């Protein structure tokens, strides 16, 4: 029983009041209008079993069984909101922007420890990449993503070599 909530007015019933000083079981909520059904309604005048709940819309893309959002399509097939930044084709996360343009709050970047042996262990930061759903269909986005990954790998390699105490010219001899 919830604190400071009224109890059903039927003698011996300790259920919480829903409406008209009655609980759902004793008539506080309307009953299904289907013949022989005494279950409480969900929406309108019918219970869930008899069609009272709203049917979910599904993606109109052939073969897709995901729930539709905008434009009668799921997010994967273009149904989600797009980023507000001109030219950006990524899905908006919050405040109308994608992850790249500030749609999500910054999260701690996970690190992976790559053992190089001894005290010279290298810590590589794994970049929090954008949501990749649908990038296969967009050659421009795929090319940009490949360039970004190549640049991050090159940068990490250069940084690790610069901070290494190994004399590479001596080891090549």
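Numbering (the numbering used here), first residue to last: 179 to 351.
The C-beta atom is built at its ideal place from N, Cα and C for all residues, glycine as well.
Owing to the predicted nature of the structure, the values given are computational and were not obtained by experimental measurement.
Check your understanding: When burial is assigned at 16 or more other CB atoms within 10 Å of the CB, is residue 219 buried or exposed?
Key -> Numbered from its first residue, the chain shown carries residue 219 at position 41. Buried, by the Cβ-count rule.
Exercise for review: Leaving out five residues on either side along the sequence, give the residues of the same chain with a beta carbon under 6 Å from the beta carbon of residue 217.
Suggested key: The residue given as residue 217 occupies position 39 in the chain shown. 210, 225.
Exercise for review: With DSSP collapsed to three states, give me the class of residue 200.
Suggested key: Reading the chain shown from its first residue, position 22 is the one you call residue 200. Looking at residue 200 - three-state DSSP - the assignment turns out to be strand.
Check your understanding: Across which residues does DSSP place residue 194 in a beta bridge pair?
Key -> Here residue 194 corresponds to residue number 16 of the chain shown, with the count starting at 1. Bridge partners of residue 194: 185.
Exercise for review: Could you name the residues of the same chain whose beta carbon sits closer than 7 Å to that of residue 332, not counting the 5 residues immediately before and after it, in chain order?
Suggested key: If you number the chain shown from 1, residue 332 lands on position 154. If we look at residue 332 and ignore the five residues flanking it on each side, it has no Cβ neighbours.
Check your understanding: Among all the DSSP beta bridges, which residues are the ones paired with residue 275?
Key -> Along the chain shown, read from residue 1 onward, the residue named residue 275 stands at position 97. Per DSSP, 272.
Exercise for review: Sort 236, 194, 190 by Cα distance to residue 181 and report the nearest one.
Suggested key: In the chain shown, counting from the first residue as 1, residue 181 sits at position 3. If we check each option's Cα against that of residue 181, 194 comes out closest.
**Study point:** Simplified DSSP state of residue 335, which is helix, strand or coil
**Key:** For the purposes of this step, residue 335 is identified with residue 157 of the chain shown, where counting begins at 1. Note: residue 335 maps to helix in three-state DSSP.
Point to revise | Cα-Cα separation between residue 183 and residue 198, rounded to whole angstroms | key: Taking the chain shown and counting its residues from 1, the one referred to as residue 183 is at position 5. Taking the chain shown and counting its residues from 1, the one referred to as residue 198 is at position 20. Answer to the nearest angstrom: the Cα atoms are 13 Å apart.
**Study point:** Inter-residue spacing [alpha-carbon to alpha-carbon] between residue 236 and residue 228
**Key:** Walking along the chain shown from the start, residue 236 turns up at place 58. Walking along the chain shown from the start, residue 228 turns up at place 50. So the alpha carbons of these two residues sit roughly 20 Å apart.
Check your understanding: Just how far apart, CA to CA, sit residue 270 and residue 245?
Key -> Counted from its first residue, the chain shown places residue 270 at position 92. Counted from its first residue, the chain shown places residue 245 at position 67. In a straight line, the C-alpha of residue 270 is about 17 Å away from that of residue 245.
**Study point:** Counterpart residues of residue 221 in DSSP-defined beta bridges
**Key:** Stepping through the chain shown from its first residue, residue 221 is reached at position 43. Per DSSP, 224.
Exercise for review: Count the other C-beta atoms from every protein chain shown that fall within 10 angstroms of the C-beta of residue 186, then say buried if there are 16 or more, exposed otherwise.
Suggested key: Taking the first residue of the chain shown as 1, we reach residue 186 at position 8. It is buried - the Cβ of residue 186 has at least 16 other Cβ atoms within 10 Å.
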